[in-house]
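K.L.:
Numbering-wise, the UniProt record's numbering puts 91 at position 91 of the sequence shown, and it's gapless, one number per residue. Note that the Cβ used here is the ideal one computed from N, Cα and C, for glycine as well. All figures in this text were calculated on a predicted structure; none of them were measured in a lab. Pasting in a structure now, in structure tokens, and then I'll have a few things to ask.
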Amino acid sequence: MDHIPIPKDPARPTPRVRYYCTSEYDNSDFLTYPARIGWSEAELFDQQTWTHLNQPGKRTSAEAAAFLQQWLFFGLLRAFFGDAFKPSDFVVSEDDQDGRRTTQYINSTALPLLLRASNGSHYTRLDHLDRCVARAHALYMFVIYFAKTLDPHLLLSLGLLGRSACGWLHLGTQSVGFWPAPTFKEDVFPEGWDGAYDVLSYEMAEAGWCRRRIKLSASLLDLGSAYFASQLKGSDDGPGQDHGRCTASKCEAFNIVKGSYRSVHTQGCHGECGFLAVDVEELESIILDGKVPLIEVGDEGAGISLLRGDPTTDYVAISHVWSDGLGNPQRNAMPRCQVEEINKLVAETFASEDSQRRVPFWMDTLCCPTIPGKAKKMALTQMRNIYHQAERVLVLDAGLRSVEREGRSVEELAYRVYLSTWASRLWTLQEGRLAQLLFVQFADGVFDFRNVVLGANATVDVAYVVESVWKPWKTVQDGSHDTRMQLTTACAALHTRSTSFKHDEALCLGSLVGADMGPIVEAEPDARMKAFWSTMSQVPRDLLFWTEPRLTDPGLRWAPKSFLQAHRKLVPDLKKGSPPPAAVTLRGLQAQIYCIKLSGLKLPLQHPFCDICMISDEDGNWKYVLSGFTPPLPDEDPLARFSVPEDAYSWAAILATEPLKDAAVEGQSPMVMVFVYAEEDGVIYARRGIAGFIYHLDHFKRHLGQDAFVDALAAGLAGPPNKNKSMEGKNHLLQGSYVSVVGTRADGLQTWCID
1 MDHIPIPKDP
11 ARPTPRVRYY
21 CTSEYDNSDF
31 LTYPARIGWS
41 EAELFDQQTW
51 THLNQPGKRT
61 SAEAAAFLQQ
71 WLFFGLLRAF
81 FGDAFKPSDF
91 VVSEDDQDGR
101 RTTQYINSTA
111 LPLLLRASNG
121 SHYTRLDHLD
131 RCVARAHALY
141 MFVIYFAKTL
151 DPHLLLSLGL
161 LGRSACGWLH
171 LGTQSVGFWP
181 APTFKEDVFP
191 EGWDGAYDVL
201 SYEMAEAGWC
211 RRRIKLSASL
221 LDLGSAYFAS
231 QLKGSDDGPG
241 QDHGRCTASK
251 CEAFNIVKGS
261 YRSVHTQGCH
271 GECGFLAVDV
281 EELESIILDG
291 KVPLIEVGDE
301 GAGISLLRGD
311 PTTDYVAISH
321 VWSDGLGNPQ
331 RNAMPRCQVE
341 EINKLVAETF
351 ASEDSQRRVP
361 FWMDTLCCPT
371 IPGKAKKMAL
381 TQMRNIYHQA
391 ERVLVLDAGL
401 RSVEREGRSV
411 EELAYRVYLS
421 TWASRLWTLQ
431 EGRLAQLLFV
441 QFADGVFDFR
451 NVVLGANATV
461 DVAYVVESVW
471 KPWKTVQDGS
481 HDTRMQLTTA
491 CAALHTRSTS
501 FKHDEALCLG
511 SLVGADMGPI
521 VEAEPDARMK
531 AFWSTMSQVP
541 RDLLFWTEPR
551 LTDPGLRWAP
561 KSFLQAHRKL
571 VPDLKKGSPP
581 PAAVTLRGLQ
591 AQIYCIKLSG
601 LKLPLQHPFC
611 DICMISDEDG
621 NWKYVLSGFT
631 PPLPDEDPLA
641 RFSVPEDAYS
651 WAAILATEPL
661 KDAAVEGQSP
671 MVMVFVYAEE
681 DGVIYARRGI
691 AGFIYHLDHF
701 KRHLGQDAFV
711 DALAAGLAGP
721 PNKNKSMEGK
731 NHLLQGSYVS
741 VVGTRADGLQ
751 TWCID
């Protein structure tokens, strides 16, 4: 893993990976190597091979480690580079302190040089190398799930090499491009951690990072990016910011308790400089006239004045984290020391262009009225234009301002922004995305975020940061008027964000997508999300498959209640040829979609579904598998997840994004269960039920390795009914839950309206 770039002053030395091999690779075909040394296909993908290491009659950990390293490290490098690859270049020997013992380690420092020397020769063998990488990926994914006793850094080194190989082959957008970090055994999970705890997350925790930020890094960054992030030292988030109460699902350090907010002074100020305030009447007058209120700071000691900005006025918009103490919920005033400091920082963003230039700035603390009323509502409707029309946006984040920029790579600066408090808050999402030019303040100067794009070719591993941090902002900057596109990118980003005031989400969403802000601003706080969805005419079809809480208002029961910190992000397919959007109607969300009609169910449902439920044809032949249902709430009745209010339902169906034929893409699709109550003019009207996933049976068995489960279930359902298994028509129940139901796939797309 020494070939992966690391930050300046890393949190720890690069992990040492022992050389486990007992012999050299035989330099023959990569794909047939296991068979040549006595590892059968069945043994490779038998979970007991990896869960029962060191047990009688099983492989030892030493054998397994040597095999994996020999094949997935040395073998893969040989497959790519042939005779140019010298194994000895990747092994180093070190003596212990008294010189009595020599230990050998893997070292991949020579890999970049080998890659440059190859001059792309592997491109002549892409088909074969694609198969090699896919084979390595399949075993890696299997091993990291089951082999919890192997050296996690050994497995990490294999994953990092595999991910790098995907970069060489440009496979990053395919499923084989996903190489997660290996996880620890459960007995080393830290208290309060929910979900898998991998080796990189552990190292970030040791470096002092917030658990929420760690979880985002593990779930959103690819392996090379996550490895880089794990090498970063945690930044100083400012005085009083304690991450001790944070969990993997929520950061508690930056939420503001109403009535307890305190504006802070700059370092070096003793808090006696006083506050500078704007004239509230003048501020409201500027806003009500449709102008942008801007702050101009006079010479030292002269105070501040308001300017009336128009579309021709150059200004800098300030984007900051309120928990850093730069806000003021009581009045439009700030400590003099902070105002003068911000004015100086604004001027420094132009230092390389014109050191004498004085540019006013806009900052919500001073320029957005705190008193409820018409002016405040109008200011909220102007937010999109304020940040989009600013000549540049300057980001102020206490953690980033504690880090020196000098000597750090573009990659490191981009990662630090990505993992910053600023990048985790709700309002800063729109402030960053709408910026024409984005400047981030560090301890010793500003970082022009355009440099992320300019430096994107420095390494393969920075590409993900460019994609996930810069591209969504660029979509807005390019002036895209596709509301569906903007909603998609906004929703995908919001699930990583948090706010102290949950009712602000609809305001931010509306501003991001260019919605009519009037109804949203006028709505009561609890009704803002309803108002937001009511302003939309079209939305991504995939919203039908949202698995988190939804609104309860008739006609909008399909609509997400919130995207903030959701467990599963929405990523609708917006590529060429993607499905048309869904239409928002008074009766629900109308879209064209694929359907499997379920037969013989008593409606409303009298029984829940098993966590894995088969769908058969009329002859009892299994065709599809339902799984991954929305998990139950604490103490929830299992049936409650599947039930809908009492009504006259004629039939039930499974809706999916894919037709799920044998050749369907990956053979799987998000799904939602629906209950039909009317069919009018070619439109099927239904109430939405539980969401989950549907798989083609072949995909479930072959690609998910569930052959044994399917065979065992079939054997268990054979024979006459008993106290544990029963029949309801042709549908099978196991311990009171549906385990197999009859379904018929409709031909082509149908028009549905779902509430």
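Decide if the stretch 436-450 is in contact with the stretch 413-423; the criterion is three or more beta carbon pairs, one per stretch, under 8 Å apart.
P.N.:
The stretch 436-450, when compared against the stretch 413-423, does touch it at the 8 Å Cβ threshold.
K.L.:
Give the range of the alpha helix (DSSP H) segment to which Asn343 is assigned.
P.N.:
First-last of the alpha helix (DSSP H) with Asn343: Arg336 to Glu348.
K.L.:
On a CA-only basis, which of Ser737, Ser627 and Ser537 is nearest Thr585? Give me that one, please.
P.N.:
For Thr585, the nearest C-alpha among the options comes from Ser537.
K.L.:
Any contact of the stretch 84-92 with the stretch 124-142, i.e. 3+ C-beta pairs under 8 Å?
P.N.:
Touching, no, given that fewer than three Cβ pairs across the two stretches are closer than 8 Å.
K.L.:
According to DSSP, is Leu589 helix, strand or coil?
P.N.:
The answer is strand: DSSP assigns Leu589 an E or B state.
K.L.:
Which runs of the beta strand (DSSP E) spanning at least 3 residues fall entirely within the stretch 7-71, listed in chain order?
P.N.:
Here no run is fully enclosed.
K.L.:
In the DSSP assignment, find the unbroken beta strand (DSSP E) run with Asp504 in it and report its ends.
P.N.:
It is not in any beta strand (DSSP E) - Asp504 instead sits in the alpha helix (DSSP H) that spans Asp504 to Val513.
K.L.:
Can you tell me whether Arg550 is helix, strand or coil according to DSSP?
P.N.:
Correct three-state label for Arg550: strand.
K.L.:
My assumption, with CB atoms under 8 Å, is that Ile593 sits in contact with Tyr624. Please give the rounded CB distance.
P.N.:
Not really, about 16 Å apart at Cβ, beyond 8 Å.
K.L.:
What is the DSSP secondary structure of Lys725, reduced to helix, strand or coil?
P.N.:
Lys725: strand per DSSP, three-state reduction.
K.L.:
If you drop the 5 nearest sequence neighbours on each side, which residues of the same chain put their C-beta closer than 7 Å to that of Glu43?
P.N.:
The answer, listed in chain order, is Thr49.
K.L.:
Provide the residue(s) that pair with Met141 in DSSP beta bridges, ordered along the chain.
P.N.:
Its beta-bridge partners do not exist; DSSP assigns none.
K.L.:
Report the rounded CA-to-CA distance for Ala398 versus Thr109, giving the unit in angstroms.
P.N.:
Approximately 35 Å, taken between the alpha carbons.
K.L.:
To which residues of the same chain is Leu307 closer than 7 Å at the C-beta, ignoring the five residues directly before and after it?
P.N.:
Cβ within range, chain order: Leu294, Glu296 and Pro360.
K.L.:
Nearest to Ile654 by CA position, among Asp310, Ala515 and Phe675, is which residue?
P.N.:
Minimum Cα distance to Ile654 is reached at Phe675.
K.L.:
Would you mind giving the Cβ-Cβ distance between Tyr20 and Ala79, rounded to the nearest angstrom? I have them listed as a contact below 8 Å.
P.N.:
Tyr20 to Ala79, Cβ: 19 Å. No contact.
K.L.:
Taking just the CA atoms, how far does Ala527 sit from Gly325?
P.N.:
So the alpha carbons of these two residues sit roughly 29 Å apart.
K.L.:
For Trp362, which residues in the same chain have their Cβ closer than 8 Å to its Cβ, ignoring the five residues on either side in sequence?
P.N.:
Counting only Cβ-Cβ distances below 8 Å, and skipping sequence neighbours, we find Val292, Pro293, Leu294, Ile295, Gly309, Tyr315, Val316, Ala317, Ile318, Ile386 and Ala390.
K.L.:
In the DSSP assignment, find the unbroken alpha helix (DSSP H) run with Val710 in it and report its ends.
P.N.:
Segment Asp707 to Leu717, the alpha helix (DSSP H) holding Val710.
K.L.:
So, using beta-carbon positions, are Phe73 and Leu158 closer together than 8 Å?
P.N.:
The answer is yes: Cβ separation under 8 Å.
K.L.:
For Cys210, which of Leu221, Asp222, Tyr202 and Cys246 has the nearest alpha-carbon?
P.N.:
Of the candidates Leu221, Asp222, Tyr202 and Cys246, the one whose C-alpha sits nearest the C-alpha of Cys210 is Cys246.
K.L.:
In the structure shown, what three-state DSSP assignment does Val417 receive?
P.N.:
Correct three-state label for Val417: helix.
K.L.:
Should Arg541 and Asp755 be called a contact, given that it needs their Cβ atoms to be closer than 8 Å?
P.N.:
Going by C-beta atoms, Arg541 is not nearer than 8 Å to Asp755.
K.L.:
Can you tell me where the alpha helix (DSSP H) with Leu160 in it begins and where it stops?
P.N.:
Residues Pro152 to Leu169.
K.L.:
Around the C-beta of Asp711, are 16 or more other C-beta atoms found within 10 angstroms, so that it is buried, or is it exposed?
P.N.:
The residue in question, Asp711, is exposed, as its Cβ has fewer than 16 Cβ neighbours within 10 Å.
K.L.:
Does the stretch 130-140 come within contact of the stretch 91-107, defined as at least 3 CB pairs closer than 8 Å?
P.N.:
These segments do not touch.
K.L.:
Can you tell me where the alpha helix (DSSP H) holding Met529 begins and where it ends?
P.N.:
Counting along the chain, the alpha helix (DSSP H) containing Met529 begins and ends at Arg528 to Thr535.
K.L.:
May I ask you to verify whether the stretch 28-46 touches the stretch 149-168, counting CB pairs closer than 8 Å and requiring at least 3?
P.N.:
No, because fewer than three Cβ pairs between the stretch 28-46 and the stretch 149-168 fall closer than 8 Å, the two stretches do not touch.
K.L.:
Please classify Thr312 as buried or exposed, where buried requires at least 16 neighbouring CB atoms within 10 angstroms.
P.N.:
By the 10 Å Cβ count, Thr312 comes out exposed.
K.L.:
CA-CA distance, Phe67 and Asp151?
P.N.:
Cα to Cα, the separation comes out at about 13 Å.
K.L.:
If you run the structure through DSSP and keep just helix, strand and coil, what is Gly692?
P.N.:
In the structure shown, Gly692 sits in a strand (DSSP, three-state: E or B).
K.L.:
For Leu543, does the three-state DSSP call read helix, strand or coil?
P.N.:
Helix.
K.L.:
Who are the near neighbours of residue 756 in its chain, counting only those whose CB is closer than 8 Å to its CB and skipping five residues on each side?
P.N.:
Nothing about residue 756 can be reported from this structure: the residues present for the chain run from 1 to 755 only.
K.L.:
Secondary structure at Ile4, three-state DSSP: helix, strand or coil?
P.N.:
Here Ile4 sits in coil by DSSP.
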